[in-house]
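Written out below as structure tokens is the structure these notes cover.
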Amino acid sequence: MSKPLKNYAILIDAGFLKRKLGSQENPATAEKIIDFAERLKRHEILQQMSLHRIYYYDSPPLTERVKVPLSTERMNFATTPLAKNNSALLQKLSHAPYFALRLGEVAFRGWKLNQKILNDSHETITISKDDLSPNITQKGVDMRIGLDIASLTLKKQAHVIVLVTGDSDFVPAMKFARREGAQLFLVCLGHEVKDDLIQHSDMSLKIDLT
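Numbering follows the numbering used here, in which position 210 of the sequence shown is assigned residue number 291; successive positions increment by one, without gaps.
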């Protein structure tokens, strides 16, 4: 009697993957992310296993309306191209087969000076609203990835964790999973990562994005 196939789960660090698949001028779309997941599933090693689920970790777009400093204008974040693109992306992924969204939180933390102004060496400078950009922070995403790695491992829902990231902050969760008997496959898409991220994975999977 043949052995049952190993289950694997794909965990996608959205911030990392979107930078790899798109740019500020041409942002990643849900179609590109789904295509990437399909390519990953077709990897020769994963074809010998059974997919449990694809977890996608991101934050919803900011929807606040705030006053712009040095101006009488107000900014509605919900109407920005970035927010519209992210909303459409998350909506489509929420209906894609095997995808499960894990969303953190975003918060508006005021305004910050652009790097050009910070690098200005003049003794006095004049600042306008165009020299400011919103300071938006994201929280809870990394925590959710770490918790899911632990949960999938302890509940034996996945024998193999396929982690798409370049962030070494996940090393403690990776070490835990391996100690509990799970295998950890890393997908860093050619990104230069810290050595401990490689050390605490069982294998690196190469995926062609061209």
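Don't be surprised by glycine CBs; every beta carbon is placed ideally from N, CA and C.
Tell me which residues share the same chain as residue i and place their Cβ nearer than 7 Å to its Cβ, disregarding the 5 neighbours each side in the sequence.
{"i": "Ser168", "result": "Pro142"}
{"i": "Leu174", "result": "Ala111, Ile114, Tyr137, Phe180 and Leu182"}
Taking the straight line between their C-alpha atoms, what separation do you get for residue i and residue j?
{"i": "Gly221", "j": "Lys113", "result": "25 Å"}
{"i": "Gln54", "j": "Pro178", "result": "Here the chain comprises residues numbered 82 to 291, so residue 54 is not present and cannot be evaluated."}
{"i": "Leu102", "j": "Asn88", "result": "27 Å"}
{"i": "Arg134", "j": "Thr205", "result": "56 Å"}
{"i": "Ala159", "j": "Val147", "result": "11 Å"}
{"i": "Asn166", "j": "Leu228", "result": "28 Å"}
{"i": "Gln105", "j": "Leu286", "result": "27 Å"}
{"i": "Leu194", "j": "Glu119", "result": "41 Å"}
{"i": "Gln172", "j": "His203", "result": "47 Å"}
Can the beta-carbon of residue i be found closer than 7 Å to that of residue j?
{"i": "Leu170", "j": "Tyr137", "result": "no"}
{"i": "Asp277", "j": "Ser249", "result": "yes"}
{"i": "Gly185", "j": "Ser140", "result": "yes"}
{"i": "Phe257", "j": "Ala231", "result": "yes"}
{"i": "Val241", "j": "Gln264", "result": "yes"}
{"i": "Leu86", "j": "Ser152", "result": "no"}
{"i": "Gly247", "j": "His281", "result": "no"}
Look up residue i in the DSSP assignment and say whether it is helix, strand or coil.
{"i": "Ile49", "result": "Residue coverage of the chain in this structure runs from 82 to 291, which leaves residue 49 outside it and unanswerable."}
{"i": "Gly247", "result": "coil"}
{"i": "Val268", "result": "strand"}
{"i": "Asn200", "result": "coil"}
{"i": "Glu261", "result": "coil"}
{"i": "Asn195", "result": "coil"}
{"i": "Leu119", "result": "It should be pointed out that residue 119 corresponds to Glu in this sequence rather than to Leu. Looking at Glu119 - three-state DSSP - the assignment turns out to be helix."}
Check each candidate in the options and name the one with the smallest Cα separation from residue i.
{"i": "Cys269", "options": "Phe117, Leu86, Lys193 and Pro85", "result": "Phe117"}
{"i": "Gly262", "options": "Ser214, Ala239, Pro162 and Gly271", "result": "Ala239"}
{"i": "Arg259", "options": "Glu106, Ile93, Leu235 and Ala109", "result": "Leu235"}
{"i": "Arg225", "options": "Lys84, Leu86, Ala95 and Pro85", "result": "Ala95"}
{"i": "Pro150", "options": "Thr161, Pro162 and Ser214", "result": "Ser214"}
{"i": "Arg155", "options": "Gln105, Ala109, Asn200 and Lys210", "result": "Lys210"}
Please confirm if residue i has its CB atom under 7 Å from at least one CB of chain C.
{"i": "Ser249", "result": "Annotation note: the requested chain C is absent from the structure, which comprises a single protein chain."}
In its own chain, which residues sit with a C-beta less than 8 Å from the C-beta of residue i, not counting the 5 before and 5 after it?
{"i": "Phe189", "result": "Leu143, Glu145, Val147, Phe158, Pro215, Asn216 and Ile217"}
Sorted by chain position, which residues of the same chain lie with C-beta nearer than 6 Å to residue i's C-beta, five sequence neighbours on each side aside?
{"i": "Lys99", "result": "Ala109"}
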